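Numbering (the numbering used here), first residue to last: 1 to 1014.
Below: the structure, in structure tokens.
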């Protein structure tokens, strides 16, 4: 019958492979239809079938594309079997209580009942129980899926956190170097008594291994790392971290101590999930604001991680390939981990640099690294197949080569490698033996090996020789390390090209072959470099010999590239469009930024430059490539955040092209020199430090007091950037070194604020007023104290700067020194007569909060540094608590941050426009920010180049904020306001903790005044 067919289908459906729930839903639904017209006594059973349909439908949604475990499949099969049996019984029940009414065809009719049959009630209860069981299974599986999802999400955040800490782990370098190791190399070192004692923690915990250039220090470091990782890979209580320093990265910031600490932390966190809370908090604190952790924070995290370990190793290779300042600072930072009871063991390599040796030699096991004959022999034996086949077929010749090169190398792996490479092009046995004799009898210096390599390059055909020399000249003479893509595009450019020709881009492997081992690429082939830093030193000494026309060729290549027709469209309007341009033309940024550094006096190159400068769209495009920098603080399209009105004269002045500037001044129409822009060509020349260009402008009658859009004069711009030569030149033109710009800043204030000691000295020696003040009454000595510039403060004091002057908030230089926890500067100020207890301000600001704020813990300077609070002036990077979180500026010290807040958010005065059109008698036109006031005067009233007195006379005093803008605590003075600001800067997650005092009522917080809100 129809019911039997339905039952059989239903049974098959629930006995199928798990997942075919759509069919089951249809069958259950059909069974419910069979209850249509049934007596009310069957309604409860029909409702339970409906509930089963809902649960099965949920199972379909939940199980779609999800795999079940074996245990889960077994459990679901048992539930399915129970449901199958139960539905079959329900079908039988329907058959018992229905009969066929033949008068109406084959139509079923229900028997009349007065109450729910016992068997129907039993089936309903069992069906309800099965639904409960199925719901329970579904709930457990959902929880498992949620748990898996949360774990996956947590792992994703961990990965983001690790990538934020450091985008590199140096693991790729370890893989690259250990791959170059021949089996057995370095075993002598691992078995040495010194290494075994260090590894086992017997005696000193630092091992320092100096060595001559090319001795194999880096390969040996990779051997040590491999040994440590293999020995302790199964011990979660032991960590291994390592750093490979490289001369290629010496100027890119990746080898600053903070970056190296981040790499170490990331390596020690490898395999730990979830990440420790202290790491997650550090990420949450900085990532959203686009800031980086300071040294103190990184050290705190590193200490937390290593304190949970029984032992951890740190391997530092090639410390001499960092700047000496960074190396010594990094070793000082690590000093706290190198105590006798520390759980850290340090292994370091370097050339024989006296300063580094002094830092490490005194408390370390010292073992010099020299290439062992056995290791060099092993390397040569493994490399014989690189020589022509007639060599490998002659065992006596092979042995002669190995012995000869090993003796000539004298413990230097690099010389062995270069010597072997020099034999690859030899065509006869006599030629091999003759060259080998020259290696043995000749100089053992690297210069001899590099000379031989260049002779091999010159022995190639003309095209190959020229290409190899061009590659070496670009890598040697480029202003920064080039990527592989940048170099290949540069090599593809021919004079006269109007676009890049993909068919002219040389093959990378062919380039490496032509350069006879002097050039190598990284493992991912994205970066290309010389084989060793001694190679770089060699070519820098001999560049005039090998690359006499390098700059001429490079300038022509850069100018041809930035003159491509593809850039005739000018600037890109969106970030995606700009980034697509850089992807298609990877050499564009380098060419735009550095063509002027390579330009020569040759007429041909000058003509190329002028042809480029005659195209305003191409000039604008190159300006975008120079100034558009992607950074977390950018708002909107960063590609549009570039200087406005940048003409060819602006560009030539900024790049320091004196001859071109002179030509443009004398041949261009006046509109080129007076185009509305953010800054004049003279200002850009001063900013960039091109004294010869500044001299041309001044000699042509340009105003040395002209201001840019921010009100800065050329002297202020030069002082801000520390361009001493420009400052000297401007003074020779009788420019007043004490002239205040429209923002109330003098050149001396600018130089001191940025920490330029030499510029400060020059200004003071040329009669710049040492006690000049800004609009808030702050002096250069206060700037120096707030930023921690101790040497500059001493320089100011020798020029009779007054340490007892106060700003409009009642702050003195001593107050700043105390706040920044600078004990040395505090003592210097006290020795020069600074008085403790000054807190009466010209604006009648006086309260107990001012005293507490300015002079808290004044007697604690003799205590250890950790008792001075969390302030470490040279390491902090402070965020403004009032700026939007997606673009908060960062400041090196609270003094700089305070000036930002005073200008952009809260000030002790406002600026009132007294022009007739703005004095309408109802509402004054006033501004809290000086720059907005200056812009208003320029755009509305056409007033430019205003003397400082104009704005000073229109400045009116402002009341202090009535309450803390962050936590709404009532305030009684400007001093209390700054106390709160400082608290929120250093403790962003907590409320102010002001003591009770006059005017303070914590129970009645007030809203900020309307003018503060403005």
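Note that CB positions come from ideal geometry on N, CA and C, so glycine has one too.
Bear in mind the structure is a predicted one, so any value in this text is a computation, not a measurement.
By DSSP's assignment, residue 369 forms a beta bridge with 211. In this structure, 712 is the residue among 712, 732 and 734 with its C-alpha nearest to the C-alpha of residue 747.
Within the DSSP secondary-structure output, residue 735 pairs in no beta bridge. Take the alpha-carbon of residue 187 and the one of residue 454: they are about 34 Å apart.
With a 10 Å radius around the Cβ and a threshold of 16 neighbouring Cβ atoms, residue 171 comes out exposed. Beta-bridge analysis with DSSP links residue 349 to 209. In chain order, 244 place their CB closer than 7 Å to the CB of residue 173, counting only its own chain and leaving out the 5 sequence neighbours on each side. Non-local beta-carbon contacts of residue 498 in its own chain, meaning distances under 7 Å to residues more than five positions away in sequence, involve 564 and 565 in chain order. Counted as a single uninterrupted DSSP element, the stretch harbouring residue 334 is not any beta strand (DSSP E), since DSSP gives it neither H nor E. Straight-line measurement puts the Cα of residue 163 at about 22 Å from the Cα of residue 236.
The beta carbons of residue 832 and residue 805 sit no closer together than 9 Å. The shortest C-alpha to C-alpha distance from residue 646 to any of 620, 638 and 628 is the one to 620. Per DSSP, residue 316 is not a residue of any alpha helix (DSSP H); the beta strand (DSSP E) it occupies stretches across 311-317.
In this model, residue 690 and residue 427 are separated by some 55 Å (Cα to Cα). The DSSP-derived three-state label of residue 590 is helix. By the neighbour-count definition (other C-beta atoms within 10 Å, threshold 16), residue 532 is a buried residue.
When 880, 262 and 310 are compared, the shortest CA-CA separation from residue 200 is found for 310.
Each of 134, 275 and 93 was checked against the Cα of residue 73, and the nearest Cα belongs to 134. Excluding its 5 nearest sequence neighbours in each direction, residue 208 has C-beta neighbours in its own chain below 6 Å: 348, 360, 364 and 366, listed in chain order.
Below 8 Å, too few C-beta pairs join the segment 175-182 and the segment 496-516 to call them touching: fewer than three. Taking the Cα of residue 314 as reference, the smallest distance to any Cα among 331, 384, 725 and 680 is reached at 331.
By the neighbour-count criterion, in which a residue is buried when 16 or more other Cβ atoms sit within 10 angstroms of its Cβ, residue 160 is exposed.
In the three-state scheme derived from DSSP, where H, G and I count as helix and E and B as strand, residue 275 is classed as coil. Residue 242 is bridged by DSSP to 315. When the Cα atoms are used, residue 479 and residue 555 turn out to be separated by approximately 12 Å.
Along the length of the segment 484-536, whole alpha helix (DSSP H) runs at least 4 residues long occupy 484-492 and 508-514, reported in chain order. Under the Cβ criterion (8 Å, minimum of three pairs), the segment 289-303 does not count as touching the segment 211-228.
Contact between residue 402 and residue 380 is confirmed by a C-beta separation of about 5 Å, below the 8 Å threshold. In the three-state reduction of the DSSP assignment, residue 304 falls in the helix class. Pairing residue 652 with residue 617 gives a Cβ-Cβ distance that is not under 9 Å.
Following the DSSP letters along the chain, one finds residue 722 in no alpha helix (DSSP H), marked with neither H nor E. Across the structure, residue 544 and residue 538 are spaced so that their CA atoms are roughly 11 Å apart.
Cβ-Cβ distances below 8 Å link residue 795 to 757, 760, 761 and 764 in the same chain, with the five nearest sequence neighbours on each side left out; the list follows chain order.
Counting only residues of its own chain and dropping the five nearest sequence neighbours on each side, residue 547 has a CB closer than 6 Å to the CB of 473. Membership of residue 822 in any alpha helix (DSSP H) is not indicated, and neither H nor E is assigned to it by DSSP. Taking all protein chains in view, the Cβ of residue 233 is surrounded by fewer than 16 other Cβ atoms within 10 Å, so the residue is classified as exposed.
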